[in-house]
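Numbering (full-length UniProt numbering), first residue to last: 1 to 419.
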């Protein structure tokens, strides 16, 4: 109910103005059966099944000089609160709450809580697959021209362990898996058949009240279209110090070729390589893909870089994807072969194979109506003993599976453009 009153105030203020107003909603429940999702299950563990729902209202307001977006959301597991209970452990917050000032047709400043979603979401993504999504609190400058785009962002984070009005000293940021400060710049240029982007980030982490570490990430993303082929290439390098204070020297390289022989089929072949830590020095060589939408890459079972540790071994991911698209249907079959980018040893220090296993992902999407979509999928992972070692779970050789079904209702409730 704390969210409802500001929404009515928002509507009351904007309905009488000369502006464009849009109000939409989203209801997105997803059922999941997890039998080894993110890590292999041990023999004493049983599969999980649950239904999680995201409910959102999207409010946007735009006039000649200002943009404003509010996205309140509620994320909950079905049954995690009593039918008539007064306490609720679910997440209810603002997924986005930002305003922007436009000082000419191509430039604006934004401030507040917002999504950062750039290029293919490798480094900065909105994580829309996760019901809660991902948001950042920051100040951002945007220049959006016809061929060139430049975005610059600045963030400074502080926890609320000692909130206002008693917050009179110190800026120590602790207890959250988040950066203390962030500066980034992204530049994009479109050629006739080629688009390129470069990005640079400086992330600050606070280790103690008087100790901070800064890590820099810089790289490029390129797409070249020569029908029926599309070539994708990207590379990133990390230096500085990670959140534990170790020197960082790591990289990511990715190549992908997409072939669309007809309007119905598309075939993609590629390789993602993320360096791993050699553990032979105090320098950390494991690449950190930061705040991207990692579920989109590296297999849908989220064994790598999605809140699931794999021993800083990096990743070499060879993948083949086949997509069939026709009318309201999209059916995809993806295959991934995983291997570690750095050496693996068992508990006795004996070297083991870098081969981690093979994952098969099948997904479908069907548009039931303009504002209603049904999606589902099944994934199966054949993992090796090396995977069990780096995950510290499962048997020497085994299989894991995951199935899900999700329906999304996303209607536009109100839209008005006044002049």
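We put the CB at the ideal spot given by N, CA and C, even for glycine.
Predicted model, so just to flag it, every value in this text is computed and none were measured.
Around the beta carbon of residue 126, 16 or more other beta carbons lie within 10 angstroms, which makes this residue buried. Residue 251 sits away from residue 284, with the two beta carbons spaced by 8 Å or more. With respect to the 8 Å criterion, residue 415 and residue 22 are classified as neighbours on the basis of their beta carbons. Taking a cut-off of 8 Å for Cβ pairs, the stretch 132-150 and the stretch 110-122 touch, as three or more such pairs fall below it. Separation of residue 42 and residue 385 (C-alpha to C-alpha, rounded to the nearest whole angstrom) is 13 Å. When the five nearest sequence neighbours on each side are left out, the beta carbons in the same chain lying within less than 6 Å of the beta carbon of residue 299 are those of 336 and 359, in order along the chain.
Three or more pairs of CB atoms, one per stretch, sit closer than 8 Å, so the stretch 45-52 contacts the stretch 28-35. DSSP places residue 406 in the uninterrupted beta strand (DSSP E) bounded by 398-409. The Cβ atoms of residue 270 and residue 254 lie closer than 8 Å to each other. With respect to residue 90, residue 76 sits close: the two C-beta atoms are nearer than 8 Å. Partner residues in the beta bridge of residue 266, as assigned by DSSP, are 323. Proximity of the stretch 57-68 to the stretch 94-104 meets the contact definition, three or more beta-carbon pairs being nearer than 8 Å. The residue from 141, 401 and 186 with its alpha-carbon nearest to that of residue 106 is 141.
Closest option to residue 364, judged by alpha-carbon separation, among 332, 404 and 402: 332.
Shown here, residue 310 sits in coil according to DSSP, grouped into three states, outside any helix or strand.
Here residue 113 is bridged, per DSSP, to 97 and 137. The beta carbon of residue 194 lies closer than 8 Å to those of 222, 223, 224 and 225 in the same chain, with the five residues before and after it left out. Counting along the chain, the unbroken alpha helix (DSSP H) around residue 385 starts and ends at 385-391. Per DSSP, the continuous beta strand (DSSP E) segment holding residue 332 begins and ends at 329-339. Between the C-alpha atoms of residue 276 and residue 340 there is a straight-line separation of about 7 Å.
Looking only at 58, 78, 380 and 409, the smallest Cα-Cα distance to residue 401 is reached by 380. Put simply, of 393, 387 and 361 the residue whose alpha carbon is nearest the alpha carbon of residue 403 is 361. As a beta-bridge residue in DSSP terms, residue 380 pairs with 360 and 401. Counted as a single uninterrupted DSSP element, the beta strand (DSSP E) harbouring residue 150 occupies residues 148-156. Nearest neighbour of residue 210 by Cα position, chosen from 170, 292 and 228, turns out to be 170. Residue environment: residue 191 is assigned as exposed (fewer than 16 neighbouring CB atoms within 10 Å of its CB, all protein chains considered). Residue 296 sits in a helix when the DSSP states are folded into three classes. Inclusion of residue 311 and residue 287 in the CB contact set at 8 Å is not warranted, their separation being larger than that value. Proximity of the stretch 338-356 to the stretch 364-378 falls short of the contact definition, fewer than three beta-carbon pairs being nearer than 8 Å. The residues 29, 50, 51, 52 and 53, in chain order, have a CB closer than 8 Å to that of residue 78 in the same chain once the five nearest residues on each side in sequence are set aside.
Per DSSP, reduced to three states, the secondary structure at residue 342 is coil, with no helix or strand assignment.
Exposure of residue 87 is indicated by the presence of fewer than 16 other C-beta atoms within 10 angstroms of its C-beta. Out of 257, 186, 214 and 120, the CA that lies nearest to the CA of residue 178 is found in 214.
Distances from the CA of residue 130 to each of 296, 319 and 351 were compared; the closest alpha carbon is that of 296.
Taken through DSSP and simplified to helix, strand or coil, residue 194 comes out as strand. Counting along the chain, residue 218 sits inside the beta strand (DSSP E) bounded by residues 211-226.
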